[in-house]
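J.: Pasting in a structure now, in structure tokens, and then I'll have a few things to ask.
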Amino acid sequence: MTNDTHANAPDMAAIERAADTAGRQIPPLWPLASYVAVNPYLGQTGKTLAETGARLARIGGVPVTMGRAWYAERIAAGEITDEDLAAAIAAAPHEGKPTDPDALRTLAAQPATQAEALPTVTDLAAKADGTDWPALMAERLGAWAGGYFDQGQALWVAPRDRSAWASYRAWAVHDLTPEIIGLKGFASFVADTPVDAMVAIERASKRLGLTEAMLDSYFHQLLFSLGGWAQYARYALWKAELADGTDSTITDLLAIRLVWEEALFDRYESRIGDQWGQVRDAHAAPSIPDADLVADAILQEAAERAAQRSLAETLAAPAPEASDDRPALQAAFCIDVRSEVFRRALEAVDPSIRTLGFAGFFGVMARHRRFASDVDELRLPVLLNPAVASSSGGSDSEETAAAARYTARAKRAWGRFKLAAVSSFAFVEAMGPVYVGKLVRDAMGMNPMPVPNDPAPRFDPDLDPGARLEAAETVLRAMSLTDGFAKVVMLAGHGANVVNNPHASGLHCGACGGYSGEVNARLLAQLLNDSAVREGLVGRGITVPEDTLFVAALHDTTTDAVTLYDGDVDTAGHRHDLTRVRQWLDAAGAVTRGERALRLPRADGAGDIGSRARDWAEVRPEWALAGCKAFIAAPRGRTAGRSLEGRAFLHDYDWKADSEKGFGVLELIMTAPVVVASWISLQYYGSTVAPQTFGSGNKLLHNVVGGFGVFEGNGGLLRAGLPWQSVHDGEKLVHDPLRLSVCIEAPREAMTDILERHRGVRALFDNGWLHLFAMDETGCLSHRYAGDLQWDRFDGAGRNDAVPVAAVA
Numbered sequence: 025m026t027n028d029t030h031a032n033a034p035d036m037a038a039i040e041r042a043a044d045t046a047g048r049q050i051p052p053l054w055p056l057a058s059y060v061a062v063n064p065y066l067g068q069t070g071k072t073l074a075e076t077g078a079r080l081a082r083i084g085g086v087p088v089t090m091g092r093a094w095y096a097e098r099i100a101a102g103e104i105t106d107e108d109l110a111a112a113i114a115a116a117p118h119e120g121k122p123t124d125p126d127a128l129r130t131l132a133a134q135p136a137t138q139a140e141a142l143p144t145v146t147d148l149a150a151k152a153d154g155t156d157w158p159a160l161m162a163e164r165l166g167a168w169a170g171g172y173f174d175q176g177q178a179l180w181v182a183p184r185d186r187s188a189w190a191s192y193r194a195w196a197v198h199d200l201t202p203e204i205i206g207l208k209g210f211a212s213f214v215a216d217t218p219v220d221a222m223v224a225i226e227r228a229s230k231r232l233g234l235t236e237a238m239l240d241s242y243f244h245q246l247l248f249s250l251g252g253w254a255q256y257a258r259y260a261l262w263k264a265e266l267a268d269g270t271d272s273t274i275t276d277l278l279a280i281r282l283v284w285e286e287a288l289f290d291r292y293e294s295r296i297g298d299q300w301g302q303v304r305d306a307h308a309a310p311s312i313p314d315a316d317l318v319a320d321a322i323l324q325e326a327a328e329r330a331a332q333r334s335l336a337e338t339l340a341a342p343a344p345e346a347s348d349d350r351p352a353l354q355a356a357f358c359i360d361v362r363s364e365v366f367r368r369a370l371e372a373v374d375p376s377i378r379t380l381g382f383a384g385f386f387g388v389m390a391r392h393r394r395f396a397s398d399v400d401e402l403r404l405p406v407l408l409n410p411a412v413a414s415s416s417g418g419s420d421s422e423e424t425a426a427a428a429r430y431t432a433r434a435k436r437a438w439g440r441f442k443l444a445a446v447s448s449f450a451f452v453e454a455m456g457p458v459y460v461g462k463l464v465r466d467a468m469g470m471n472p473m474p475v476p477n478d479p480a481p482r483f484d485p486d487l488d489p490g491a492r493l494e495a496a497e498t499v500l501r502a503m504s505l506t507d508g509f510a511k512v513v514m515l516a517g518h519g520a521n522v523v524n525n526p527h528a529s530g531l532h533c534g535a536c537g538g539y540s541g542e543v544n545a546r547l548l549a550q551l552l553n554d555s556a557v558r559e560g561l562v563g564r565g566i567t568v569p570e571d572t573l574f575v576a577a578l579h580d581t582t583t584d585a586v587t588l589y590d591g592d593v594d595t596a597g598h599r600h601d602l603t604r605v606r607q608w609l610d611a612a613g614a615v616t617r618g619e620r621a622l623r624l625p626r627a628d629g630a631g632d633i634g635s636r637a638r639d640w641a642e643v644r645p646e647w648a649l650a651g652c653k654a655f656i657a658a659p660r661g662r663t664a665g666r667s668l669e670g671r672a673f674l675h676d677y678d679w680k681a682d683s684e685k686g687f688g689v690l691e692l693i694m695t696a697p698v699v700v701a702s703w704i705s706l707q708y709y710g711s712t713v714a715p716q717t718f719g720s721g722n723k724l725l726h727n728v729v730g731g732f733g734v735f736e737g738n739g740g741l742l743r744a745g746l747p748w749q750s751v752h753d754g755e756k757l758v759h760d761p762l763r764l765s766v767c768i769e770a771p772r773e774a775m776t777d778i779l780e781r782h783r784g785v786r787a788l789f790d791n792g793w794l795h796l797f798a799m800d801e802t803g804c805l806s807h808r809y810a811g812d813l814q815w816d817r818f819d820g821a822g823r824n825d826a827v828p829v830a831a832v833a
């Protein structure tokens, strides 16, 4: 190493900044028990798609769009028009872009250059002697990390009283596998590393000859190369910071990854030194998108503009006339795209039914304990902290709860006995025949699927009267439900009841933190049925009729059956109404199952849907949110009677009522549900365009590790993202990778003001990760957000006339 390199070595402050920056460019991965969708480009939203493509190509060889053939097919079919291409070219902010649609069509017909990541030291060492060092590193890291992060799956749990770096050092000095493969002295090398992780990172950075300009890109690449392990460590930091704390696990993983780089560089420096110097220089250079990346990003924009034209045509279609009569039923569903199909079917059953859309946690941000459980479940969006605590059951059920705890402990002990090394084989021989009946019933799908049915939840501790009133008003205004109450108002959370699916919680409610939504719905129904709360609401300008009953429900999105929790409330005077409600729900469920069967493989009709949830071998029990492409916040009348094909998040919103309160609801919508929807949309996008990187692979090869994640196979890197079966039906993609179009009926000035005050949300729209449209009072798309707080008129044909906000106010 030269004296110049030593002179340019970064100081500790620069290394700490670069390590922190690199860690924050990694998206978090939630554990399987509360699996939620995450934007895989979370750390890149300050850049455009093409700029992100340049960065991800450099560090991982990762595409950020579909292959050119995908766009060429749509151009040839007339789905993407010349107007779409021309508008996308005009909107592109990059230099060197194609000049006209003809040039872009020509490029679409040609394959783009395949991106190749810069090699790490581990990669260069592998090429030098033919040993697959990257695979060995991944396998040994997985062997350690599976035990360190274990959440109860392992029978022998690794010590958790030390940092990840300290744990790895203690483990690696006894792991002889690298030395057996050929990395002599690796255990001693690890033993000699500094005890402090950041000091170890500093030492490795100097040994590798890194300058400050190289750190951000190189550190990002090393963490990126750890796949789901880095993402799970990022989750630990996310969770800690929500609680105003911090966590160093992701920095520890960077130190671990650098140990391998430093050790391999020590051994192979004479053979890879020159190549490594070139790689260092490349890391120091800015990542700038080339012509191929710019063209691909424009083609992606054109595909999205084509979809937006189709959406605009749907919204412009004549709407059914709304009735002023009091509805017999108002049914509030989660904004989840799966609810759109059921809502449409339910409204078609009887003209006296109205449906609403609101985020599925129903404004109740609860830290909840289920009946006979000591586990705190955060049933709220992962962007937020819990505001209340709740539990199922009361003092009258303490004896039952205690008995349930004893039963659960006995089952856990029995399960661990079955799996223990000293008893597992004898157990199978002695007890195997006893399980034959259960195995047959499970294999044939004969066992009933239990519906979540804990005792009624309660606030624990209870809210004081003022807090109860404040919560009720806030939720009703956020739902735009302040008058015109029906005799029955149903609050329907949702969940998915499936078997043999490690990612089952990913089918539940993302707004409820990956849990089903019945707890939040039941808590809100109790709150809104409280006579004292209703009396207080009158003074707040909201009068709920005495005969209005709020009742909670759970929509099973796999079977489209709806369970009413009417046992929580006094149903006197409403028994006939609830009988009718059940009949309507049954009829709507049948229609919904019939529509969903058209998309699911091997489903011949509505009768095939229910059995999929009970089938151990079914890898596609439902499509979840595949196909999502739009978010619409407007009165239901703007979308009622139109089929949005289960591809739109529908949030009820009345801007005129909200304007009286300073557009607080609009701000909430744009900074919470819209952001959560963007995470969902971009997870599906990433899992489709780059399944090897941002998807979790083949469900058939999954093995659960530590109770929190999955391997694809029996070890290696933790896999994150959606399984391939969640976006592909075996023959074709079922998800069109399109960035979400957000359509809001509200004054543009109000939306602009919110974007100006929330830079993170503005970045999503300014850099094209989301598209924003203003709707007029007829429900049509009238203006497109053009970035930089400017709006263009939207004519629905792919063309836009740029007009500043001030000129169109």
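According to the numbering used here, the stretch in the sequence shown is residues 25 to 833, in order. For every residue, glycine included, the Cβ atom is placed at its ideal position computed from N, Cα and C. A quick note: this is a predicted structure, and the numbers were derived from the prediction, not measured.
1) Just mark Ser-750 as buried or exposed, buried being the case when its beta carbon has 16 or more other beta carbons within 10 Å.
2) Which residue comes first and which comes last in the beta strand (DSSP E) that contains Thr-379?
3) Work out the CA separation of Gly-730 and Gly-251 for me, nearest whole Å.
4) Does the beta-carbon distance from Ala-637 to Ala-516 come in below 8 Å?
5) Could you check the C-alpha separation between Tyr-192 and Tyr-59 for me, to the nearest Å?
6) Given a cut-off of 8 Å, decide if Ala-74 and Val-318 are closer than it, judged by their beta-carbon atoms.
7) Could you spell out the range, first to last residue, of the beta strand (DSSP E) harbouring Gly-721?
8) Apart from the five residues just before and just after Tyr-709, which ones in its own chain have a Cβ nearer than 6 Å to its Cβ?
9) Could you check what DSSP says for Trp-438 in three-state terms: helix, strand or coil?
10) Go to Asp-580, then tell me how far its alpha helix (DSSP H) extends in each direction, as first and last residue.
11) For Asp-488 and His-307, what's the separation of their Cα atoms in angstroms?
12) Here's the rule I'm using: 16 or more other beta-carbon atoms within 10 Å means buried, otherwise exposed. How should Asn-63 be labelled?
13) Could you have a look at Cys-536 and say whether DSSP puts it in helix, strand or coil?
14) What runs of the beta strand (DSSP E), each 3 residues or longer, lie entirely inside the segment 740 to 822?
15) Taking the alpha helix (DSSP H) that Gln-302 falls in, what are its first and last residues?
16) Consult DSSP for Phe-385 and reduce its assignment to one of helix, strand or coil.
17) Do Met-514 and Leu-674 have their C-beta atoms closer together than 8 Å?
18) Residues in the same chain with beta-carbon distance under 7 Å from Ala-257, minus the five sequence neighbours each way, listed in chain order, please.
19) Beta-carbon separation of Phe-84 and Ala-162 under 8 Å?
20) When DSSP labels each residue in this structure, what does Gln-138 get in the three-state scheme?
21) Give every residue of the same chain whose Cβ lies closer than 8 Å to the Cβ of Glu-801, excluding the five residues on either side of it in the sequence, and list them in chain order.
22) Check Arg-350 in the structure and name its three-state DSSP category.
23) In the DSSP output, what is Thr-587 paired with across the bridge?
24) Determine contact between the segment 207 to 217 and the segment 171 to 185, defined as no fewer than three beta-carbon pairs at a distance below 8 Å.
25) Counting Cβ pairs closer than 8 Å, one from the segment 320 to 329 and one from the segment 113 to 129, do we hit at least three?
26) Taking the continuous alpha helix (DSSP H) assigned at Ala-331, which residues delimit it?
27) Suppose the cutoff is 8 Å on Cβ atoms and the five residues either side in sequence are ignored; what does the same chain contact list for Asp-678 look like?
28) Using the C-alpha atoms, what's the distance from Val-214 back to Thr-201?
29) Contact defined as beta carbons within less than 8 Å: I believe Phe-395 pairs with Pro-479. What is the distance between those atoms, to the nearest angstrom?
30) May I ask you to verify whether the segment 357 to 373 touches the segment 610 to 623, counting CB pairs closer than 8 Å and requiring at least 3?
31) List the whole-angstrom C-beta distance separating Cys-358 from Ala-535, where the pair is believed to meet the contact cut-off of C-beta under 8 Å.
32) What does DSSP give as the partner residue(s) for Glu-401 in the beta ladder?
33) Just the C-alpha distance for Thr-334 and Glu-780, rounded to the nearest angstrom, thanks.
34) Three or more beta-carbon pairs under 8 Å between the segment 403 to 412 and the segment 552 to 563, yes or no?
35) Touching or not, the segment 290 to 303 and the segment 143 to 150, by the rule of three or more beta carbon pairs under 8 Å?
36) Looking only at its own chain, which residues have a Cβ that is under 6 Å from the Cβ of Phe-789, when we skip the five neighbours before and after it?
T.: Taking the coordinates as given:
1) Flag for Ser-750 reads buried.
2) If you look at Thr-379, you'll find it in the beta strand (DSSP E) that goes 377 to 382.
3) The alpha-carbon atoms of Gly-251 and Gly-730 are separated by roughly 16 Å.
4) Result no, Cβ atoms of Ala-637 and Ala-516 do not sit closer than 8 Å.
5) Whole-angstrom Cα-Cα distance: 26 Å.
6) Inclusion of Val-318 and Ala-74 in the CB contact set at 8 Å is warranted, their separation being smaller than that value.
7) Membership of Gly-721 in the beta strand (DSSP E) is indicated by the continuous run 719 to 721.
8) Excluding sequence neighbours, Tyr-709 sits near Pro-761.
9) The predicted model places Trp-438 with a pLDDT of 49, which falls under 50 and marks its position as unreliable, so this point remains unresolved.
10) Element bounds for Asp-580: not the alpha helix (DSSP H) but the beta strand (DSSP E), 573 to 580.
11) Each residue's alpha carbon lies about 57 Å from the other.
12) With 16 or more Cβ atoms within 10 Å of its Cβ, Asn-63 is classed as buried.
13) DSSP, read as helix, strand or coil, puts Cys-536 in helix.
14) The segment 740 to 822 is shown to contain whole beta strand (DSSP E) runs of 3 or more residues at 765 to 768, 795 to 799, 805 to 811, 814 to 818, in chain order.
15) Where Gln-302 is concerned, the enclosing alpha helix (DSSP H) stretches over 273 to 308.
16) The answer is coil: DSSP assigns Phe-385 none of H, G, I, E or B.
17) Cβ atoms of Met-514 and Leu-674: not closer than 8 Å.
18) Excluding positions up to five away in sequence, the list reads Thr-273, Ile-274, Leu-277.
19) With the sequence shown as reference, residue 84 is identified as Gly, and Phe is not the correct amino acid for it. At the C-beta level, Gly-84 and Ala-162 stay beyond 8 Å of one another.
20) Here Gln-138 sits in coil by DSSP.
21) So the list reads Glu-769, once near-sequence residues are dropped.
22) Here Arg-350 sits in coil by DSSP.
23) Thr-587 pairs with Leu-578.
24) Under the Cβ criterion (8 Å, minimum of three pairs), the segment 207 to 217 does not count as touching the segment 171 to 185.
25) Yes, they touch.
26) First-last of the alpha helix (DSSP H) with Ala-331: 315 to 340.
27) Within the same chain, Asp-678 has close Cβ partners Ser-504, Pro-659.
28) Those two C-alpha atoms are separated by around 13 Å.
29) About 6 Å separates the beta carbons of Phe-395 and Pro-479, which is inside the 8 Å limit, making them a contact pair.
30) Flag = yes, the segment 357 to 373 and the segment 610 to 623 touch.
31) Contact holds; Cβ gap of about 6 Å.
32) According to DSSP, Glu-401 bridges with His-392.
33) The amino acid at residue 334 is misidentified as Thr; the sequence shows Ser. Cα-Cα distance, rounded: 30 Å.
34) Not touching, per the Cβ criterion.
35) Contact holds between the segment 290 to 303 and the segment 143 to 150, because three or more Cβ pairs, one in each stretch, are under 8 Å apart.
36) So the qualifying residues of the chain are Leu-796, Tyr-809.
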